[in-house]
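Taking numbering that gives the first Met the number 0, the leading residue of the sequence shown gets 0, the next gets one more, and so forth.
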Amino acid sequence: MTISGFNFPTPIQFGPGARKLVGPHLQERGFKRPLIVTDKGLGALPVLAEFKTHLAGLDVAVFSGVFGNPTCNQVMDGAAAYKAHGADCVIGFGGGAALDVAKVVGVAATHEGDILDYVWDHPQVRPIVNALPYFVALPTTSGTGSEVGRSSVVSENDTHLKRVVFSPKILARTVFADPELTLGLPAAVTAATGMDALTHNIESYLSPAYHPLCDGIALEGVRIAAAALLTAVREPGNLQARSDMMMASMMGAIAFQKDLGAVHSCAHALGAVCDLHHGLANALMIDTVMAWNYEAAPAKFDELAHVCHIGGDGKGFVSWLKQLKVSVGITGGLASHGVKPEHLPRLIEIATADMCHQTNPRPCIASDFKQLFEAAM
Ligand SMILES: NC(=O)c1ccc[n+]([C@@H]2O[C@H](COP(=O)([O-])OP(=O)(O)OC[C@H]3O[C@@H](n4cnc5c(N)ncnc54)[C@H](O)[C@@H]3O)[C@@H](O)[C@H]2O)c1
Ligand SMILES: [Zn+2]
């Protein structure tokens, strides 16, 4: 046996109203000039204006230049906003896109060069050596769990290839997870992000890596998301369902320290080539990939069926996933979401080169990705 390391480091304040703790938290630590990093959509919504009313006494600036699958330029613009404000800390407020940018604005503001110089697989990767600004995170979607993760996913400006800055140093110092922030999330975003959270829990549980702690979190995350997602979509004001989804989202991201699988490799390719939303891309692939994965881990699929209380065995779990997608409003295959046959070669190339499928329960090569993408069309 080998020696394994386990780490669950982020302090989390979880529950309705947790956003109101941010102002006092920062003031107690002597901070005066936070920069809120958020996205264009949220920048114009009352949910952000309301949050700012709880930051009285602080000199707050807002950078709301994040949109779509965020690019390197957006990070550099955020760093310029940080310096222009003379900020002393960063508040990430938003979905995975805004939080991923918020996580590395501090790196770009305190280090030389371009943020892409810091992605983990850069041939001359620069180390993060300087002290980073204090950073707190407030998720406003329940999907990526980026608030508790050590990665920031940033796309190249021109190719839109997703690159990852990975470092425990970019972890939020405290997460304020307030499900009230998600009460206004539209049904389509609730569905797509919720499917992302579910996918993280499922793929990390199925990963063959040795991490029983994460396996436990992932299975419970699947159980919670399976029970809450449909209600969160159908009853947007249901605070219990919103709380459950926010918790399942964080559990998924904590569990995927253990790594993900082939669904995410496909989703990363679909984001790069067709600019599909990450959660939607996962949702469009998950049942196809899981049907193909089944034979590699039937006992684990039985366990997934068990925690979802769907009756039947692991094969029933795959059918249940397919039905859940339709119930939450995600219908049609890749073709009906803008993916064209001419995209396939590039999709296959990017998915095959992606790291995530290395921990898929069934080994996956280019011809398998071809089959999976074609089946999901
Ligand atoms: N760091 C990680 O570990 C990790 C993991 C998975 C995905 N990601 C990244 O996260 C991003 C996707 O994040 P996401 O799924 O949260 O979507 P998102 O951040 O792109 O947000 C989706 C949309 O929802 C809107 N929105 C967010 N909160 C809202 C609210 N409370 N009310 C109304 N509208 C709201 C946003 O304005 C946006 O238009 C991708 O860039 C992906 O690469 C990161
Ligand atoms: Zn994901």
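The beta-carbon is built from N, C-alpha and C at its ideal position, and this holds for glycine as well.
Task: contact_flag[the segment 253-262, the segment 323-339] where n(CB pairs < 8 Å) is 3 or more - done: Contact fails: fewer than three Cβ-Cβ distances are below 8 Å.
Task: When D120, A101, V124, K102 are compared against E111, the one with the closest alpha-carbon - done: For the purposes of this step, residue 111 is taken as the residue at position 112 of the sequence shown. That would be V124, whose Cα lies nearest to the Cα of E111.
TODO: For F255, decide whether its Cβ has a neighbour in chain C, counting only Cβ atoms nearer than 8 Å.
DONE: Going by chain labels, chain C is absent from the structure shown, which holds only one protein chain.
- [ ] Can you give me the start and stop residues for the alpha helix (DSSP H) that P138 sits inside?
- [x] As a working mapping, residue 138 is identified with position 139 in the sequence shown. Secondary structure note for P138: it is in no alpha helix (DSSP H), and the uninterrupted beta strand (DSSP E) holding it is 133-138.
- [ ] Just the C-alpha distance for S203 and R162, rounded to the nearest angstrom, thanks.
- [x] Locating residue 203 in the sequence shown gives position 204, where the first residue counts as 1. Locating residue 162 in the sequence shown gives position 163, where the first residue counts as 1. Rounded to the nearest whole angstrom, the CA to CA distance from S203 to R162 is 20 Å.
Task: Residue interval of the beta strand (DSSP E) (run including A208) - done: Against the sequence shown, residue 208 aligns to sequence position 209. It is not in any beta strand (DSSP E) - A208 carries neither H nor E in the DSSP assignment.
- [ ] May I ask you to check if the CB of T143 is nearer than 7 Å to at least one heavy atom of ligand 1?
- [x] On the sequence shown, residue 143 is found 144 positions in, with the first residue counted as 1. Ligand 1 has a heavy atom closer than 7 Å to the beta-carbon of T143.
TODO: Have a look at I347 and H53 and give me their C-alpha separation to the nearest angstrom.
DONE: Indexing the sequence shown from 1 puts residue 347 at position 348. Indexing the sequence shown from 1 puts residue 53 at position 54. Roughly 47 Å separates the two Cα atoms.
Open item on the list: Could you tell me the alpha carbon to alpha carbon distance between T189 and V232, rounded to whole angstroms?
Closed with: The sequence position of residue 189 within the sequence shown is 190, counting from 1. The sequence position of residue 232 within the sequence shown is 233, counting from 1. Going from the Cα of T189 to the Cα of V232 covers about 6 Å.
TODO: Report yes or no: do the segment 16-27 and the segment 60-72 share at least 3 C-beta pairs separated by less than 8 Å?
DONE: No, the segment 16-27 is not in contact with the segment 60-72.
Task: Residue range of the alpha helix (DSSP H) that includes Q322 - done: Within the sequence shown, residue 322 is the residue found at index 323, counting from 1. Where Q322 is concerned, the enclosing alpha helix (DSSP H) stretches over 313-326.
Open item on the list: Can you look up G278 in the DSSP assignment and give me helix, strand or coil?
Closed with: As a position in the sequence shown, residue 278 is number 279, starting the count at 1. Three-state DSSP puts G278 in a helix.
Open item on the list: Measuring straight from C-alpha to C-alpha, what distance separates P340 and S145?
Closed with: Residue 340 sits at position 341 when you count from the first residue of the sequence shown. Residue 145 sits at position 146 when you count from the first residue of the sequence shown. Each residue's Cα considered, the two are about 32 Å apart.
Open item on the list: Let me check you understand the geometry: is the CB of D258 closer than 7 Å to at least one non-hydrogen atom of ligand 2?
Closed with: Here residue 258 refers to the residue found at position 259 of the sequence shown. Checking every heavy atom of ligand 2 against the Cβ of D258, none is found closer than 7 Å.
Open item on the list: For K82, count the other beta carbons within 10 Å of its own beta carbon; 16 or more makes it buried, fewer makes it exposed. Which is it?
Closed with: Counting from 1 along the sequence shown, the entry for residue 82 is found at position 83. With fewer than 16 other beta carbons inside 10 angstroms of its own, K82 counts as exposed.
- [ ] Would you grab the beta carbon distance between N281 and D195 for me? Rounded to a whole angstrom, and I think it's under 8 Å.
- [x] Numbered from its first residue, the sequence shown carries residue 281 at position 282. Numbered from its first residue, the sequence shown carries residue 195 at position 196. With a beta-carbon spacing of about 5 Å, N281 and D195 fall inside the 8 Å limit used to define contacts.
Task: Spatial neighbours of H84 in its chain, beta-carbon cut-off 7 Å, leaving aside the 5 residues before and after - done: Within the sequence shown, residue 84 is the residue found at index 85, counting from 1. Apart from sequence neighbours up to five positions away, the residues of its chain that approach H84 with a beta-carbon distance below 7 Å are R32, L34, A60, ordered along the chain.
Open item on the list: L41 and A97 - do their beta-carbons sit closer together than 8 Å?
Closed with: As a first step, residue 97 is located in the sequence shown; it is residue number 98 there, counting from the start. As a first step, residue 41 is located in the sequence shown; it is residue number 42 there, counting from the start. Closer than 8 Å, so yes.
Task: Helix, strand or coil at T287 according to DSSP, with G and I counted as helix - done: In the sequence shown, residue 287 corresponds to position 288, counting from 1. Reduced to three states, the DSSP call for T287 is helix.
Open item on the list: Taking a contact to mean a Cβ-Cβ separation below 8 Å, would you say G142 touches G278 in this structure?
Closed with: As a first step, residue 142 must be located in the sequence shown, where it is residue number 143. As a first step, residue 278 must be located in the sequence shown, where it is residue number 279. Going by C-beta atoms, G142 is nearer than 8 Å to G278.
TODO: Give the DSSP-derived three-state secondary structure of Q123 in the structure shown.
DONE: Indexing the sequence shown from 1 puts residue 123 at position 124. Shown here, Q123 sits in coil according to DSSP, grouped into three states, outside any helix or strand.
Task: alpha helix (DSSP H) runs contained entirely in the segment 160-211, provided each spans 4 or more residues - done: If we require 4 residues or more, the alpha helix (DSSP H) runs fully inside the segment 160-211 come out as 186-205.
Task: Cutoff 8 Å; reference D116; Cβ partners in own chain excluding five residues on either side - done: Here residue 116 refers to the residue found at position 117 when the sequence shown is read from its first residue. The residues Q123, V124, R125, in chain order, have a CB closer than 8 Å to that of D116 in the same chain once the five nearest residues on each side in sequence are set aside.
Open item on the list: Closer than 7 Å to a non-hydrogen atom of ligand 1 - does that hold for the CB of P344?
Closed with: The residue labelled residue 344 in the question sits at position 345 within the sequence shown. Incorrect: P344 has no Cβ contact closer than 7 Å to ligand 1.
Task: Collapsed DSSP secondary structure at S3 in the structure displayed - done: Translated into positions along the sequence shown, residue 3 becomes position 4. Coil, per DSSP.
Task: P8 - partner residues in DSSP beta bridges - done: Working through the sequence shown from its first residue, we reach residue 8 at position 9. Listed as beta-bridge partners of P8 by DSSP are no residues whatsoever.
- [ ] Spatial neighbours of P167 within its chain, please: CB distance less than 6 Å, with the 5 preceding and 5 following residues excluded, ordered by chain position.
- [x] Walking along the sequence shown from the start, residue 167 turns up at place 168. Answer for P167: R149, listed in chain order.
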